[in-house]
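First up is the structure itself, then whatever we jot down about it.
2 protein chains.
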Amino acid sequence: MSDMNCPESEPVLPALYLFPVGLSDTPAADVLPQRNLQLLRRVRYFAVENLRSARRFLKSVDRSIDIGSITFFELDEHTRAADIPAMLEPLENGNPMGVLSEAGCPAIADPGADLVAAAQRRGLPVVPLVGPSSILLSLMGSGFNGQSFTFRGYLPVESGARSRVLKEMQRSIDRDRCTQIFIETPYRNNRLISELARVLPGSMSLCVASDVTGSDESIITRPLSWWAKAKYDYAKRPTIFLLYN
Amino acid sequence: MSDMNCPESEPVLPALYLFPVGLSDTPAADVLPQRNLQLLRRVRYFAVENLRSARRFLKSVDRSIDIGSITFFELDEHTRAADIPAMLEPLENGNPMGVLSEAGCPAIADPGADLVAAAQRRGLPVVPLVGPSSILLSLMGSGFNGQSFTFRGYLPVESGARSRVLKEMQRSIDRDRCTQIFIETPYRNNRLISELARVLPGSMSLCVASDVTGSDESIITRPLSWWAKAKYDYAKRPTIFLLYN
Numbered sequence: 069m070s071d072m073n074c075p076e077s078e079p080v081l082p083a084l085y086l087f088p089v090g091l092s093d094t095p096a097a098d099v100l101p102q103r104n105l106q107l108l109r110r111v112r113y114f115a116v117e118n119l120r121s122a123r124r125f126l127k128s129v130d131r132s133i134d135i136g137s138i139t140f141f142e143l144d145e146h147t148r149a150a151d152i153p154a155m156l157e158p159l160e161n162g163n164p165m166g167v168l169s170e171a172g173c174p175a176i177a178d179p180g181a182d183l184v185a186a187a188q189r190r191g192l193p194v195v196p197l198v199g200p201s202s203i204l205l206s207l208m209g210s211g212f213n214g215q216s217f218t219f220r221g222y223l224p225v226e227s228g229a230r231s232r233v234l235k236e237m238q239r240s241i242d243r244d245r246c247t248q249i250f251i252e253t254p255y256r257n258n259r260l261i262s263e264l265a266r267v268l269p270g271s272m273s274l275c276v277a278s279d280v281t282g283s284d285e286s287i288i289t290r291p292l293s294w295w296a297k298a299k300y301d302y303a304k305r306p307t308i309f310l311l312y313n
Numbered sequence: 069m070s071d072m073n074c075p076e077s078e079p080v081l082p083a084l085y086l087f088p089v090g091l092s093d094t095p096a097a098d099v100l101p102q103r104n105l106q107l108l109r110r111v112r113y114f115a116v117e118n119l120r121s122a123r124r125f126l127k128s129v130d131r132s133i134d135i136g137s138i139t140f141f142e143l144d145e146h147t148r149a150a151d152i153p154a155m156l157e158p159l160e161n162g163n164p165m166g167v168l169s170e171a172g173c174p175a176i177a178d179p180g181a182d183l184v185a186a187a188q189r190r191g192l193p194v195v196p197l198v199g200p201s202s203i204l205l206s207l208m209g210s211g212f213n214g215q216s217f218t219f220r221g222y223l224p225v226e227s228g229a230r231s232r233v234l235k236e237m238q239r240s241i242d243r244d245r246c247t248q249i250f251i252e253t254p255y256r257n258n259r260l261i262s263e264l265a266r267v268l269p270g271s272m273s274l275c276v277a278s279d280v281t282g283s284d285e286s287i288i289t290r291p292l293s294w295w296a297k298a299k300y301d302y303a304k305r306p307t308i309f310l311l312y313n
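Protein chains in written order, with the working numbering: chain A, 69 to 313; chain B, 69 to 313.
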């Protein structure tokens with residue numbers, strides 16, 4: 069993009085900019101490139117997952133940002149699909165627009181993807197920006213295969229579907245050497261670890277990546293036989309789980 | 069981490085820091101957070117995929133870095149597995165160490181993963197840092213499902229294995245709503261697009277994400293029926309492919 073360096077004087081090209089947001093209370097400059105911060109100061113239309121946290125994030129980037137001059141569109145799991153395309157009107161009129169998740173990368177495990185899809189259908193330019201993804205950072209830190217990996221979102225709760233998925237993961241590791249990445253409702257994190265240690269081979273490796281980029285970050289890869297006896301408490305902490313042989 | 073802000077006076081905690089490198093000739097500050105740049109100036113031991121490009125990268129971050137005072141370990145596809153653990157000696161002696169890929173995120177589709185695994189086995193702390201991943205940025209920009217996705221690396225070349233993988237991808241999209249991400253040897257990019265348009269349903273969507281973060285970045289999602297008739301030339305350009313319904 070010709071505005072790559074984005075000096076304050078140059079115009080910002082009209083596009084749908086996907087702005088990652090910090091995962092924890094880490095200062096923005098620790099996890100976001102300067103380019104993001106420069107662009108954030110100059111975009112006046114944002115689709116946001118949560119209005120309050122979007123305002124707080126923008127203020128944390130630069131206290132001098134005039135929040136009152138910004139138009140926000142709320143885009144969450146309650147937004148009707150039919151209401152999404154109209155949000156792109158400012159961009160269709162030539163204004164750069166931003167997308168902000170509550171935390172992490174827009175459109176990765178969050179509602180922004182529908183807005184991006186609508187922009188793609190209209191042939192509008194989409195520009196994803198660099199920022200923290202707990203999924204990707206966990207994979208880097210796990211030491212597992214990064215040439216082949218799959219993110220499965222939440223494990224099913226219902227016990228039949230859940231054991232089917234656990235078996236499928238085991239097969240995918242054995243057959244395709246594919247790293248398995250998934251999440252759990254945070255208050256069930258401890259139970260999930262003991263379940264994995266109980267039902268999967270003790271020689272299989274589990275990586276537990278918790279509070280990634282935060283002040284309590286911990287990324288620990290050990291065999292399930294180790295986890296079976298370990299003392300830990302991940303309850304209510306944002307955590308990513310990864311399995312591999 | 070207590071060194072999150074990493075002022076120049078504070079000691080850098082001993083850990084294996086995974087430093088992403090820019091994907092193209094983009095200036096480092098456009099795609100890397102300040103924290104990475106501060107840490108890079110203070111680490112004196114690096115495992116690197118390529119010595120020349122590692123030196124060039126460090127110089128691009130800060131011309132005043134004294135390359136002569138840095139110890140480099142080469143870690144590429146020719147490194148013998150038995151030689152990897154010894155590279156961790158500086159870290160075991162209490163020195164922070166860095167890992168640098170040729171481009172993108174260490175340990176994602178590159179040799180760094182074996183060193184990370186060795187550090188995990190020894191219980192040494194691993195700290196992945198934020199930076200550009202063409203896989204993740206493409207997924208964000210595609211508009212496809214980010215709640216469930218799989219990265220398959222290179223498609224097989226042999227025609228039987230290749231059509232099996234294509235069928236498997238179609239099934240995984242239909243059954244699990246799982247976005248499929250893969251790559252091809254760059255000189256075959258154009259042939260791959262026409263192959264996908266020929267053998268998969270025309271209603272399926274293909275996203276072609278090329279030169280991500282670079283000056284020729286283009287991320288285009290369209291039905292395969294559109295790609296079948298489109299004019300394009302992605303030959304020899306670094307490109308990620310994504311499929312979804």
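Ideal Cβ placement from N, Cα and C applies to all residues, glycine included.
task: List the residues that DSSP assigns as beta-bridge partners of A303/A.
output: In DSSP, A303/A forms no bridge with anything.
- prompt: In or out: V184/A buried (at least 16 other Cβ within 10 Å) or exposed?
  reply: buried
- prompt: Are there 16 or more other CB atoms within 10 angstroms of the CB of C74/A, so buried, or fewer, so exposed?
  reply: Reliability fails at C74/A, whose pLDDT of 48 lies under 50, so the model's placement of it is uncertain and the value that follows must be treated cautiously. So C74/A ends up on the buried side.
Spatial neighbours of N258/A in its chain, beta-carbon cut-off 8 angstroms, leaving aside the 5 residues before and after: Short of 8 angstroms from the beta carbon of N258/A, and not among the five residues preceding or following it, lie these beta carbons of its own chain, in chain order: Y300, D301, Y302, A303.
query: the stretch 101-117 of chain A: which residues have C-beta closer than 8 angstroms to a C-beta of chain B, in chain order?
result: Sequence-ordered contacts of the stretch 101-117 of chain A with chain B read P101, Q102, R103 [C-beta pairs closer than 8 angstroms].
message: With a threshold of 8 angstroms between beta-carbons, can A97/B be considered close to chain A, or not?
response: For A97/B, the answer is yes, since a Cβ of chain A falls inside 8 angstroms of its Cβ.
- prompt: Cβ atoms of P196/B and S205/A: under 8 angstroms apart, would you say?
  reply: This sequence places Leu at residue 205/A; Ser is not what is there. In this structure, P196/B lies closer than 8 angstroms to L205/A by Cβ.
field: Euclidean distance between Cα positions of E252/A and Y222/A
entry: 5 angstroms
field: Cβ contact (3+ pairs, closer than 8 angstroms) linking the stretch 156-176 of chain B and the stretch 77-88 of chain B
entry: yes
field: Limits of the alpha helix (DSSP H) - the one that V129/B falls within
entry: 119-129
- prompt: Near M272/B, which residues of its chain fall below 8 angstroms by C-beta distance, leaving aside the five closest residues on each side in sequence?
  reply: Q238, I241, P291, L292, L311, Y312, N313
field: Rounded separation between T307/A and L260/A - CA only
entry: 11 angstroms
- request: Kindly indicate the opening and closing residues of the alpha helix (DSSP H) around M165/A.
  value: DSSP places M165/A outside any alpha helix (DSSP H); the residue lies instead in the beta strand (DSSP E), whose first and last residues are 165-168.
task: Report, in whole angstroms, the separation of the C-beta atoms of R109/B and I133/B, which I expect to be a contact under 8 angstroms.
output: About 6 angstroms separates the two Cβ atoms, so the contact holds.
message: Quick check: is the beta carbon of L204/B nearer than 8 angstroms to any beta carbon in chain A?
response: yes
field: Presumed contact (8 angstroms Cβ cut-off) between V116/B and L159/B, rounded CB distance
entry: In fact, because the Cβ distance is near 15 angstroms, the residues do not count as touching under 8 angstroms.
S206/B - DSSP class collapsed to helix/strand/coil: helix
G221/A, enclosing beta strand (DSSP E) - first and last residue: 217-222
- request: Go ahead and pull the three-state DSSP assignment for I152/B.
  value: coil
task: Closer than 6 angstroms by C-beta to N118/A: which residues in its own chain qualify, once you throw out the five before and the five after it? Chain order, please.
output: E170
Three-state secondary structure assigned by DSSP to E323/B: Not covered by the structure: residue 323/B. The range shown for chain B is 69 to 313.
message: Can you find the residues in the same chain that come closer than 8 angstroms, C-beta to C-beta, to T247/B, ignoring five residues on each side of it along the sequence?
response: L207, S210, F212, N213, G214, S216, F217, T218, I241, L310, L311, Y312
query: Mapping DSSP to helix, strand and coil, what is P196/B?
result: Of the three classes helix, strand and coil, the one that applies to P196/B here is strand, per DSSP.
task: Please decide whether L310/A counts as near chain B, where near means a Cβ-Cβ distance under 8 angstroms.
output: no
message: With H, G and I counted as helix, E and B as strand and the rest as coil, what does DSSP make of S262/A?
response: helix
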